[in-house]
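Before any comments, here is the structure.
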Amino acid sequence: MADDFTKEQLAEFREAFNMFDKDGSGNITIEEMVTVMRELELDNSPSEEKLTAELHAMDTNKDGTIDFDEFLATIKKTTETTETREQELRDCFKLFDKDDKGYLTLKELKHILQDLGKNSFTDEEVNELIKEGDVNEDGHLDYDEFVKLLTTP
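According to numbering that gives the first Met the number 0, the sequence shown is numbered sequentially starting from 0.
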């Protein structure tokens with residue numbers, strides 16, 4: 000598992016792991032996870048119930064704690080999922096960027112919405128979508144703006 004990461008990444012992951020492993024046992028318990036989340040005072044901290052569910056999902060040997068190898072396996076899985084999602088979005092963008100200019104125009108975005116069965120969007124509404132996602136205000140959506148528009152709730 001450690002072979003999947005650089006030395007620098009492993010050092011960062013070890014530091015993060017140690018932040019959770021309050022007692023230095025080499026394992027993270029649910030109590031330690033809850034303590035760190037409270038210390039960080041995150042407004043969107045998951046509930047203890049959700050943390051318990053996440054811990055159980057990470058705990059492949061079912062001993063009730065997370066060791067460093069299980070921690071790394073979770074990071075690897077998360078990274079692979081993120082990379083797959085990014086590739087899917089990139090492929091989708093390329094599919095709709097028919098003229099390969101690196102951005103989507105109002106016309107292309109309207110075509111996308113029609114393909115998705117959203118014929119009820121007016122030009123004004125599509126224009127508003129572009130305006131919402133068009134961070135650099137150049138009148139169209141580049142790849143990064145497209146991804147942000149699709150992934151922001």
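Glycine included, each C-beta is placed from N, C-alpha and C at the ideal position.
Judged by pairs of C-beta atoms under 8 Å, the region 66 to 79 touches the region 6 to 16, as three or more such pairs exist. DSSP, reduced to helix, strand and coil, places ASN26 within a strand of the structure shown.
The C-beta distance from GLU144 to ASP133 rounds to 6 Å, short enough to fall under 8 Å. Here ASP68 carries a helix assignment [DSSP, helix/strand/coil]. Per DSSP, LYS147 is one residue of the alpha helix (DSSP H) stretching across 142 to 150. The beta carbons of LEU108 and LEU149 sit no closer together than 8 Å. Scanning its chain for C-beta atoms nearer than 7 Å, with the 5 sequence neighbours on each side dropped, one finds around LEU54 the residues ILE29, MET32 and ILE65, in chain order. Counting only residues of its own chain and dropping the five nearest sequence neighbours on each side, GLN86 has no CB closer than 6 Å to any other CB. CA-CA distance, GLY63 to SER24, rounds to 13 Å. When DSSP states are grouped into helix, strand and coil, LEU115 belongs to the coil group.
Bounds of the alpha helix (DSSP H) holding VAL125 are 122 to 132.
Contact between LEU105 and ASN135 is absent: CB atoms are separated by about 16 Å, not below the 8 Å threshold.
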